[in-house]
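Notes follow the structure.
Number of protein chains: 4
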Amino acid sequence: MTTVSIIGGSGYGGGEALRLLLDHPKVEVNQVTSRSHMGEFVYQVHPNLRKRTQLKFSDLSQLEPVDILFLAQPHGEAQQHIEEYVKVTSRIVDLAADFRLHDADVYEKWYGEKHVAPDWLSKFVYGLPELHRAELATANYVSGVGCNATAGNLALLPLIKADLIEREVPILIEIKVGSSEGGAEGNSGSHHPERASVIRTFSPFGHRHTAEVTQEMGVTKVSLTMTSVDLVRGVLATAHAQVKAGVTTKDLWKAYRSVSNENPFLRIVKEQRGIYRVPEPKILAGSNYADLGFELDESNGHVVSMCAIDNLMKGAAGSAVQCMNLMMGWDETLGLEFAGLHPV
Amino acid sequence: MTTVSIIGGSGYGGGEALRLLLDHPKVEVNQVTSRSHMGEFVYQVHPNLRKRTQLKFSDLSQLEPVDILFLAQPHGEAQQHIEEYVKVTSRIVDLAADFRLHDADVYEKWYGEKHVAPDWLSKFVYGLPELHRAELATANYVSGVGCNATAGNLALLPLIKADLIEREVPILIEIKVGSSEGGAEGNSGSHHPERASVIRTFSPFGHRHTAEVTQEMGVTKVSLTMTSVDLVRGVLATAHAQVKAGVTTKDLWKAYRSVSNENPFLRIVKEQRGIYRVPEPKILAGSNYADLGFELDESNGHVVSMCAIDNLMKGAAGSAVQCMNLMMGWDETLGLEFAGLHPV
Amino acid sequence: MTTVSIIGGSGYGGGEALRLLLDHPKVEVNQVTSRSHMGEFVYQVHPNLRKRTQLKFSDLSQLEPVDILFLAQPHGEAQQHIEEYVKVTSRIVDLAADFRLHDADVYEKWYGEKHVAPDWLSKFVYGLPELHRAELATANYVSGVGCNATAGNLALLPLIKADLIEREVPILIEIKVGSSEGGAEGNSGSHHPERASVIRTFSPFGHRHTAEVTQEMGVTKVSLTMTSVDLVRGVLATAHAQVKAGVTTKDLWKAYRSVSNENPFLRIVKEQRGIYRVPEPKILAGSNYADLGFELDESNGHVVSMCAIDNLMKGAAGSAVQCMNLMMGWDETLGLEFAGLHPV
Amino acid sequence: MTTVSIIGGSGYGGGEALRLLLDHPKVEVNQVTSRSHMGEFVYQVHPNLRKRTQLKFSDLSQLEPVDILFLAQPHGEAQQHIEEYVKVTSRIVDLAADFRLHDADVYEKWYGEKHVAPDWLSKFVYGLPELHRAELATANYVSGVGCNATAGNLALLPLIKADLIEREVPILIEIKVGSSEGGAEGNSGSHHPERASVIRTFSPFGHRHTAEVTQEMGVTKVSLTMTSVDLVRGVLATAHAQVKAGVTTKDLWKAYRSVSNENPFLRIVKEQRGIYRVPEPKILAGSNYADLGFELDESNGHVVSMCAIDNLMKGAAGSAVQCMNLMMGWDETLGLEFAGLHPV
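Just so you know, the protein sequences line up as chains A, B, C and D, in that order.
Just so we're on the same page, the numbering used here is the position in the first sequence counted from 1, plus 15.
Just so we're on the same page, the numbering used here is the position in the second sequence counted from 1, plus 15.
Just so we're on the same page, the numbering used here is the position in the third sequence counted from 1, plus 15.
Just so we're on the same page, the numbering used here is the position in the fourth sequence counted from 1, plus 15.
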């Protein structure tokens, strides 16, 4: 068995990675660290893991050599400790934002502080298999993906890949998100009486994940508008763009079918009947699918492309495990088979 | 006391109008009709009205002369019966879509059928006081407003009135809505297990209320994208537009302050601290306020303007009562004083 | 105008009292204090009050003489400062738990600490008008009511008043509550991702409010079981008791009708058709009604009595304002006319 | 591979069984029937199954011979067609209520109609493995379990098995349920604006599942009180009983540990710290666990026992698949490994 340890396993992303890795047929979880919950059983923090593991959270200082290290710390930690981590492992999958951007200046612009390990930026492959499957197969270091960036990138992927949209016309990506995106640490705004039933546009533009869309899609005129809604897990990105002259719905079908065929976790949802005609995050909780849909207003070229994901799965731990599978030469879908629930 | 009757009082808009009118100091409710609930106490359908009224739903055929008639029927009914209605009253406030659009061709384009009483279209004033206060003061016939159109129109109002945006650049209005918008009649998609927790972009463009934005704001390049979220009452419109060259945040503040000062139910929500920094529909349930907010990206002129309302109040019955107040020369805010709740 | 000040106005109970008092036709709000939000506009904390008041939170040390003082502090504060408060006012309405219990020993038993102002316990009238209307008319000091105790007490009131149940058979009161009951200060369990969708029996028995049921209903064999559910405002008490031999459904109807007739805010909800056949808190948000229902299993004498309230209204600020009205000789319902919403 | 067909696969129970069976390593799904969705892809009704199967719903009349037949029809259907079903299969797992009760008179009492295949009642084993593991190993016909009955039975199991409670003292089981329990067919009360945020005690006593508790636990003085809350999947039973004189918390721990040790899907949740100290259904969505907790008031012998389950898993399809595993001599947990999610 391949051994894996998780640093920062008491958060939501780390907890989800832990759940997946505990059930993964090829790996064995060695250690899970947590500063705030050290010494507690992991099931005391992640109650779904009761009767699944007797692991306790250990201290980072007790880290032992391991085949693969998953990093699930708050942003900013990994870059400070990367040199220590590589002493105990040869393969890293990071879930945080530290190594997503390749350019240290871009990092500084969006995160408001200098990167402390800029030399490492080029050593990490951006961890979205739908974009970097081949590179991941030979990678040793894989970055995480921003959940909102992932919904945005996958909404744009068919359009960009088939070169169907005008890059000079601003792309607006309206993103609606659940509360788990904010992480396991609460704040005054996440207090249930204040957070329940919200439709809260907390960031009209300027969200940090924008940088990942720009980097990965090669588009500069793009903005993300973030709105919180009443849901725990889930992201829906609704992207608005302008198709090139002459592009038809048929062209779009071809482009979406192509990415769906090439990627086991991409699905097209575009039905004429029934309740579920468009991508919806609610049915994706726990699943690694990204559901794509689109609609073209042929009268003016306005295309609306949608992508729904579970922010903790395809938007975080699911993609991370998928990257691990690719790195190790295993079946890409291993340990990620859960279909999601209906109803839920 | 001025007498009022409501046709179609068992639906959500009619029920909300009934609640407001029962508590209104200047009016007395004579009759409330309902085809499906005839003979039942209104509190059996609207349980909040228990111990407030002993009225029963009566049949439309029993309609008696009255000072003001509120119409709250499903779309399409009012235009068929308008000639009968004007025999029993000299003043009509309609909540439905029948008399919102002034042009019969535009009506046919968006509603897919010929209007059966086109001569009446010009006799109705569009019932949004923020746009037509003066006309309403002398009107006899007032149309309803589309709830989504209202959120969109009020989001654009400061920008259009102060002439701050480029009308040739497409305006995208992303609208998130609660489930009461679909009306009191359920369908397979409104069944709770399917409707709970959704983020469902059910209409990427082409929503009928677009016609009201075009008519009232005078903008032709505009689209409404409709997304259902998990909430019962509430609409948030997030409008994206392009400001004219040189327009600054200061100009926007001036424009928004101006409409807020002129209109008792418009408020600006744009705070730097606290939980409620932007407009949010959740705190507006039962209130007639429309909360406005905005943000300008000065680097590229992208302005995001937000408007939150309660779809059954400012987006329907609240505006209707406000119009009645104006028609009758009463204080515009009469019967609409409820502030909304926090928390909720 | 009668002047009122509120101490502790940034919490949920104090905020709700403030909302009611601002709209009350007989009073004027002088001051609202808050330690944590001093200097802020009250609408920055209670966003529903924007455009309703320009009051700012002041410091407790700046307290000025006033006709009536509302106390809405965390439990334990009022008893420490009562001597100071009575220097600035002759009438106090407390929303907290400090002066609800008449017996200092009982207080110590349930609250785990000695009462620091035991002499004051006998000076306060328990602030539930349905139980103490006459005393309240001459009271100067009125205690608050526990929200859960109120739901329990009103569920039992018809049964106890008409002497219909066996007091030696244990009474079980199963109470389901929304998240606002926990107050405005969040904790790890109120973080939205953890608190959403819960059915969490956080206290199987031993809840402090039990003492208020025992004191007010005169029953000793009674337990409250507390379960949190996904709702912000609202409490439903489902009380199980044993009727005396021979008691019939007809007797129960008589008992419930009697209390409903005597109390403007009590309503019976017991319908054979429609959606709303039993008491439900959701339609009571913002209203001061307590809805009562019951069902008797005549085969074994098991009676189930239900009471639904809004915990911040009838269970806190609403009852407090109702008490003020009675103290001042005003109409009991003044300022409490809001009917609640449907749908919501 | 063992072949399985599902009759009535478009409902919630049938859909969940289908999901589990499609991923089950030992079986192959041959057919899924649905009257209302015949000819549609199953993923059009169960959107989580998109890209998992190309099966279409077929007509019941096309039923082919199969190793195991799952019945997931509305109540009343299976008893009418049982003779036909046994012609095509030798093994049946029913999810509906038709063959749960062994006594035709008891059936008639609770269901209000004569059973049409009473001879078959004794041929079915009640499908709760925690109660009938040995019998299931040799059974050919297995009944479904009522979801509420299952929560109640498992809450009582440790108490009854260790003979710790007084059977002459009435047992009250307060059950809180999500909306999926009502099935896939909506009604006026399941319309989202009416169903959202409810705390609705729709059945104070007399629920049909009571009969299953009486039959399986051997207790006659028991009542189930049913309350709907805002959740899609999940049941929490909070059972109140009286322990025998002298029974201590230590005795209870022993009894609960015993059933937890003997049953792979039973877990004890009774923590002194953390957020998840008691059983909660929200973390069980999609999992087959039943989480048990308890608290004893040693001053009076009042014991509160809790059981949380996912009504569609342990309360329906999960237990059904577990029964199939036992019937076939396979590992009891096969295909039921999903741990559930946190947060969710």
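Beta carbons are placed, not taken as given, at the ideal position from N, Cα and C, and that holds for glycine.
Buried or exposed by the 16-neighbour rule on C-beta atoms within 10 Å, applied to residue i
| i | result |
| --- | --- |
| G30 (chain D) | buried |
| E99 (chain D) | exposed |
| N303 (chain C) | buried |
| R272 (chain C) | exposed |
| A170 (chain D) | buried |
| R288 (chain D) | exposed |
| M342 (chain B) | buried |
| Q95 (chain D) | exposed |
| A149 (chain A) | exposed |
| G233 (chain A) | exposed |
| K329 (chain B) | buried |
| A260 (chain A) | exposed |
| P40 (chain B) | exposed |
Partners in chain D for residue i, counting only beta-carbon separations shorter than 7 Å
| i | result |
| --- | --- |
| H206 (chain B) | G201, S205 |
Supposed contact pair residue j and residue i - C-beta distance, whole angstroms, cut 8 Å
| i | j | result |
| --- | --- | --- |
| P133 (chain D) | A119 (chain D) | 4 Å |
| P64 (chain D) | R106 (chain D) | The sequence shown places Leu at residue 64 (chain D), not Pro. That belief does not hold up - the Cβ atoms of L64 (chain D) and R106 (chain D) are roughly 24 Å apart, past 8 Å. |
| P219 (chain B) | E310 (chain A) | 4 Å |
| S334 (chain C) | G142 (chain C) | 6 Å |
| L195 (chain C) | P358 (chain B) | Note on identity: in this sequence residue 195 (chain C) is Ser, with Leu being the wrong assignment. At roughly 5 Å, the Cβ-Cβ gap stays under 8 Å, so S195 (chain C) and P358 (chain B) are in contact. |
| L136 (chain B) | F114 (chain B) | 6 Å |
7 Å Cβ cut-off: residues of chain B touching residue i
| i | result |
| --- | --- |
| R210 (chain D) | H207 |
| S195 (chain D) | P208 |
| H255 (chain A) | L187 |
Closer than 8 Å at the beta carbon, the chain B residues around residue i
| i | result |
| --- | --- |
| V247 (chain D) | H207, P208, A211, S212 |
7 Å Cβ cut-off: residues of chain A touching residue i
| i | result |
| --- | --- |
| S137 (chain C) | None at all; the shortest Cβ gap to chain A is about 35 Å. |
| I298 (chain D) | P62, N63 |
Chain-ordered neighbours of residue i on chain C, where CB pairs are closer than 7 Å
| i | result |
| --- | --- |
| V319 (chain D) | P219, F220, T240 |
| V184 (chain B) | Here the premise fails: no neighbours, minimum Cβ distance about 32 Å. |
| R215 (chain D) | V293, E295 |
| K66 (chain B) | R282 |
| P358 (chain D) | P208, E209 |
Those residues which DSSP pairs with residue i across a bridge
| i | result |
| --- | --- |
| T253 (chain D) | D:E189, D:M321 |
| K71 (chain D) | D:F56 |
| F85 (chain A) | A:I21, A:V108 |
| D312 (chain C) | C:H317 |
| Y156 (chain B) | B:I107, B:F139 |
| R282 (chain A) | A:D306 |
| E123 (chain A) | DSSP lists no partner for E123 (chain A). |
| T348 (chain C) | Per DSSP, none; premise fails for T348 (chain C). |
| V47 (chain B) | B:I21, B:F72 |
| V293 (chain D) | The partner list for V293 (chain D) (beta bridge, DSSP) is empty, contrary to what the question assumes. |
Proximal chain C residues relative to residue i, where beta-carbon distance stays under 8 Å
| i | result |
| --- | --- |
| S314 (chain A) | Within 8 Å Cβ-Cβ: nothing; S314 (chain A) doesn't reach chain C, min ~36 Å. |
| E43 (chain B) | Under the 8 Å cutoff, chain C gives no residues; its nearest Cβ is about 16 Å from E43 (chain B). |
| K191 (chain D) | K191, I214, T242, V244 |
Where residue i meets chain D, residues with beta-carbon distance less than 9 Å
| i | result |
| --- | --- |
| E98 (chain C) | Within 9 Å Cβ-Cβ: nothing; E98 (chain C) doesn't reach chain D, min ~37 Å. |
| F353 (chain A) | D38, G301, F353 |
Amino acids of chain A, ordered along the chain, whose beta-carbon sits closer than 8 Å to that of residue i
| i | result |
| --- | --- |
| I324 (chain B) | By Cβ distance, chain A contributes nothing, its closest Cβ being about 11 Å from I324 (chain B), past 8 Å. |
Beta-carbon neighbours of residue i, restricted to chain B and to distances below 9 Å
| i | result |
| --- | --- |
| E277 (chain C) | None at all; the shortest Cβ gap to chain B is about 13 Å. |
- Quick one: which unbroken beta strand (DSSP E) runs of 3-plus residues sit fully inside the region 172 to 249 of chain A? Chain order, please. 186 to 192, 214 to 218, 237 to 244
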